[in-house]
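Going by UniProt numbering, the residue at position 193 of the sequence shown is 193; the numbering climbs one at a time, nothing skipped. We treat Cβ as the ideally placed atom computed from N, Cα and C, and that holds for glycine. Written out below as C-alpha coordinates is the structure these notes cover.
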Amino acid sequence: MSVTEQDRPARRVPIPRKKKTARRPFGHAARRVAELGWPVALALAICLSALAVDGWADRRSEGSPAANRALVDADRTAEVVADVSAKVARIFSYAHTDPAATERAARAVLTGRAAADYEKLFGQVKRQAPLMKLSLTTRVAKAGLINLSRDGKAVLIVFLDQTATRAGKPAGAPVAAQLIVTAREDHGWRISDLRAA
(Lines of atoms letter the chains of each structure in order from A; the text may use other names.)
(Lines give C-alpha, C1' and ligand atoms only; values in the text may rest on other atoms or scores of the structure.)
Protein backbone atom coordinates (compact mmCIF):
# COMPACT_ATOMS: atom_id res chain seq x y z
CA MET A 1 0.00 0.00 0.00
CA SER A 2 1.27 3.37 -0.82
CA VAL A 3 1.43 6.35 1.42
CA THR A 4 -1.12 8.17 -0.62
CA GLU A 5 -3.59 5.36 -0.30
CA GLN A 6 -3.19 5.32 3.43
CA ASP A 7 -3.93 9.00 3.84
CA ARG A 8 -7.09 8.86 1.95
CA PRO A 9 -10.12 8.17 4.00
CA ALA A 10 -11.79 4.89 3.37
CA ARG A 11 -14.55 5.01 0.96
CA ARG A 12 -17.92 4.81 2.56
CA VAL A 13 -20.27 2.27 1.27
CA PRO A 14 -23.88 3.07 1.98
CA ILE A 15 -25.69 0.31 3.90
CA PRO A 16 -29.26 -0.14 2.84
CA ARG A 17 -31.57 0.53 5.75
CA LYS A 18 -35.23 -0.12 6.21
CA LYS A 19 -37.39 2.85 5.86
CA LYS A 20 -38.73 4.02 9.20
CA THR A 21 -42.46 3.89 9.27
CA ALA A 22 -44.36 6.01 11.67
CA ARG A 23 -45.41 3.76 14.54
CA ARG A 24 -48.91 4.12 15.64
CA PRO A 25 -49.49 3.91 19.40
CA PHE A 26 -52.03 1.11 18.89
CA GLY A 27 -51.81 -1.76 16.50
CA HIS A 28 -54.69 -2.49 14.20
CA ALA A 29 -56.31 -5.01 16.58
CA ALA A 30 -55.84 -2.79 19.61
CA ARG A 31 -57.29 0.16 17.76
CA ARG A 32 -60.28 -1.92 16.68
CA VAL A 33 -60.88 -3.07 20.26
CA ALA A 34 -60.52 0.49 21.45
CA GLU A 35 -63.05 1.64 18.90
CA LEU A 36 -65.58 -1.16 19.23
CA GLY A 37 -64.84 -2.82 22.56
CA TRP A 38 -64.89 0.04 25.01
CA PRO A 39 -68.65 -0.24 25.63
CA VAL A 40 -68.20 -3.96 26.30
CA ALA A 41 -65.22 -3.32 28.58
CA LEU A 42 -67.17 -0.65 30.44
CA ALA A 43 -70.18 -2.94 30.85
CA LEU A 44 -67.92 -5.75 32.09
CA ALA A 45 -66.27 -3.42 34.61
CA ILE A 46 -69.68 -2.26 35.85
CA CYS A 47 -70.93 -5.88 36.20
CA LEU A 48 -67.82 -6.97 38.09
CA SER A 49 -68.12 -3.97 40.40
CA ALA A 50 -71.79 -4.73 41.03
CA LEU A 51 -71.03 -8.38 41.85
CA ALA A 52 -68.27 -7.35 44.24
CA VAL A 53 -70.52 -4.86 46.02
CA ASP A 54 -73.36 -7.41 46.21
CA GLY A 55 -71.08 -10.06 47.71
CA TRP A 56 -69.70 -7.59 50.20
CA ALA A 57 -73.21 -6.48 51.19
CA ASP A 58 -74.38 -10.09 51.62
CA ARG A 59 -71.47 -10.96 53.88
CA ARG A 60 -71.96 -7.79 55.86
CA SER A 61 -75.71 -8.29 56.29
CA GLU A 62 -75.51 -11.92 57.49
CA GLY A 63 -74.97 -10.80 61.07
CA SER A 64 -77.25 -7.79 60.91
CA PRO A 65 -80.74 -7.68 62.38
CA ALA A 66 -82.15 -7.35 58.86
CA ALA A 67 -80.93 -10.87 58.06
CA ASN A 68 -82.99 -12.25 60.95
CA ARG A 69 -86.41 -12.82 59.38
CA ALA A 70 -87.91 -13.31 62.86
CA LEU A 71 -87.58 -9.56 63.42
CA VAL A 72 -89.24 -8.46 60.20
CA ASP A 73 -91.80 -11.15 59.28
CA ALA A 74 -94.40 -11.42 62.05
CA ASP A 75 -96.69 -13.85 60.18
CA ARG A 76 -93.87 -16.28 59.39
CA THR A 77 -92.59 -16.00 62.97
CA ALA A 78 -96.02 -16.87 64.40
CA GLU A 79 -96.31 -19.82 61.99
CA VAL A 80 -92.89 -21.25 62.94
CA VAL A 81 -93.49 -20.81 66.69
CA ALA A 82 -96.91 -22.51 66.51
CA ASP A 83 -95.70 -25.42 64.37
CA VAL A 84 -92.52 -26.17 66.31
CA SER A 85 -94.26 -25.71 69.69
CA ALA A 86 -96.92 -28.28 68.79
CA LYS A 87 -94.25 -30.74 67.69
CA VAL A 88 -92.17 -30.27 70.85
CA ALA A 89 -95.25 -30.82 73.04
CA ARG A 90 -96.13 -33.96 71.10
CA ILE A 91 -92.70 -35.62 71.28
CA PHE A 92 -92.24 -34.88 75.00
CA SER A 93 -95.66 -36.23 75.98
CA TYR A 94 -96.16 -39.96 76.30
CA ALA A 95 -98.48 -42.50 77.82
CA HIS A 96 -97.21 -45.77 79.27
CA THR A 97 -100.09 -47.52 77.54
CA ASP A 98 -99.10 -46.32 74.04
CA PRO A 99 -95.41 -45.35 73.73
CA ALA A 100 -95.52 -46.20 70.00
CA ALA A 101 -97.58 -43.05 69.33
CA THR A 102 -94.79 -40.90 70.75
CA GLU A 103 -92.18 -42.82 68.73
CA ARG A 104 -94.14 -42.27 65.52
CA ALA A 105 -94.45 -38.56 66.25
CA ALA A 106 -90.71 -38.32 66.94
CA ARG A 107 -89.82 -40.08 63.69
CA ALA A 108 -92.04 -37.66 61.78
CA VAL A 109 -90.60 -34.45 63.25
CA LEU A 110 -87.00 -35.17 64.32
CA THR A 111 -83.93 -35.37 62.13
CA GLY A 112 -80.16 -35.57 62.50
CA ARG A 113 -78.65 -35.14 65.95
CA ALA A 114 -82.02 -34.51 67.60
CA ALA A 115 -83.34 -37.85 66.35
CA ALA A 116 -80.27 -39.75 67.62
CA ASP A 117 -80.34 -38.07 71.05
CA TYR A 118 -84.09 -38.56 71.40
CA GLU A 119 -83.86 -42.23 70.49
CA LYS A 120 -81.37 -42.84 73.32
CA LEU A 121 -83.48 -40.92 75.84
CA PHE A 122 -86.78 -42.42 74.80
CA GLY A 123 -85.30 -45.94 74.88
CA GLN A 124 -84.82 -45.58 78.64
CA VAL A 125 -88.27 -44.06 79.15
CA LYS A 126 -89.88 -46.79 77.08
CA ARG A 127 -88.38 -49.49 79.31
CA GLN A 128 -89.28 -47.84 82.62
CA ALA A 129 -92.65 -46.20 81.91
CA PRO A 130 -94.73 -49.42 81.73
CA LEU A 131 -93.24 -50.72 84.99
CA MET A 132 -93.95 -47.46 86.80
CA LYS A 133 -97.21 -46.81 84.88
CA LEU A 134 -95.81 -43.38 84.13
CA SER A 135 -97.29 -40.88 81.70
CA LEU A 136 -96.05 -37.38 80.94
CA THR A 137 -98.02 -34.46 79.58
CA THR A 138 -95.99 -31.60 78.16
CA ARG A 139 -97.40 -28.17 77.48
CA VAL A 140 -95.50 -25.32 75.85
CA ALA A 141 -95.93 -22.40 78.25
CA LYS A 142 -94.12 -19.92 76.02
CA ALA A 143 -91.96 -20.04 72.93
CA GLY A 144 -90.07 -17.38 71.09
CA LEU A 145 -88.22 -17.32 67.81
CA ILE A 146 -84.61 -16.23 68.32
CA ASN A 147 -83.53 -16.39 64.69
CA LEU A 148 -85.12 -17.22 61.36
CA SER A 149 -82.71 -17.27 58.44
CA ARG A 150 -83.42 -17.05 54.73
CA ASP A 151 -82.12 -20.57 54.18
CA GLY A 152 -84.93 -22.10 56.27
CA LYS A 153 -83.28 -22.48 59.66
CA ALA A 154 -85.09 -21.43 62.83
CA VAL A 155 -83.78 -21.25 66.39
CA LEU A 156 -86.35 -21.04 69.17
CA ILE A 157 -86.37 -20.92 72.94
CA VAL A 158 -89.19 -23.03 74.33
CA PHE A 159 -90.44 -23.02 77.93
CA LEU A 160 -92.23 -26.22 78.91
CA ASP A 161 -94.49 -27.28 81.77
CA GLN A 162 -94.45 -31.04 82.29
CA THR A 163 -96.91 -32.93 84.45
CA ALA A 164 -96.28 -36.56 85.33
CA THR A 165 -98.91 -39.07 86.39
CA ARG A 166 -98.33 -42.49 87.87
CA ALA A 167 -101.17 -44.97 87.49
CA GLY A 168 -103.47 -42.05 86.65
CA LYS A 169 -102.61 -40.03 89.78
CA PRO A 170 -100.47 -36.87 89.81
CA ALA A 171 -96.84 -37.66 90.59
CA GLY A 172 -95.71 -34.36 92.06
CA ALA A 173 -95.87 -30.74 91.02
CA PRO A 174 -95.47 -29.68 87.40
CA VAL A 175 -91.86 -29.35 86.32
CA ALA A 176 -90.57 -26.50 84.18
CA ALA A 177 -88.02 -27.03 81.43
CA GLN A 178 -86.33 -24.78 78.90
CA LEU A 179 -85.04 -25.87 75.52
CA ILE A 180 -83.18 -24.29 72.65
CA VAL A 181 -84.70 -25.88 69.56
CA THR A 182 -83.18 -25.71 66.09
CA ALA A 183 -85.53 -26.57 63.25
CA ARG A 184 -85.08 -26.72 59.50
CA GLU A 185 -87.73 -26.31 56.87
CA ASP A 186 -88.04 -29.60 55.00
CA HIS A 187 -91.64 -30.10 53.83
CA GLY A 188 -92.68 -28.60 57.16
CA TRP A 189 -90.48 -27.80 60.13
CA ARG A 190 -88.26 -30.67 61.28
CA ILE A 191 -86.37 -30.40 64.54
CA SER A 192 -82.65 -30.96 64.05
CA ASP A 193 -81.25 -30.07 67.48
CA LEU A 194 -82.54 -29.94 71.06
CA ARG A 195 -80.47 -28.49 73.91
CA ALA A 196 -81.25 -27.54 77.48
CA ALA A 197 -81.33 -23.76 77.86
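In this structure lysine 87 is buried. Its beta-carbon is surrounded by 16 or more other beta-carbon atoms within 10 angstroms. In this structure, the straight-line span from the alpha carbon of arginine 150 to that of histidine 187 is close to 15 angstroms. In this structure alanine 183 does not touch glycine 172 by the C-beta definition: roughly 30 angstroms separates them, more than the 8 angstroms allowed.
Taking 3 residues as the minimum length, the beta strand (DSSP E) runs contained wholly in the segment 124-190 are 134-148, 153-166 and 175-185, in order along the chain. The C-beta distance from lysine 133 to alanine 176 rounds to 24 angstroms, too long to meet the 8 angstroms contact threshold.
In the structure shown, the three-state DSSP call for serine 93 is coil. Around the beta carbon of leucine 110, 16 or more other beta carbons sit within 10 angstroms, so the residue counts as buried. Closest by C-alpha distance to alanine 141, out of Arg76, Gln178 and Ile191, is Gln178. Residue state for alanine 197 is assigned as coil, using DSSP reduced to three classes. Between valine 80 and leucine 148, the C-beta spacing is below 8 angstroms. Within 10 angstroms of the beta-carbon of isoleucine 91 lie 16 or more other beta-carbons, which makes it buried.
For valine 109, the enclosing alpha helix (DSSP H) stretches over residues 99-109.
With a cutoff of 8 angstroms on beta-carbon distance, threonine 138 and leucine 160 are scored as near each other. Sixteen is the threshold: when 16 or more other Cβ atoms of the shown chains lie within 10 Å of the Cβ of serine 135, as they do, the residue is buried.
The C-alpha of leucine 194 is placed about 18 angstroms away from the C-alpha of glutamine 124. Around the Cβ of leucine 48, a 10 Å sphere holds fewer than 16 other Cβ atoms; the residue is exposed.
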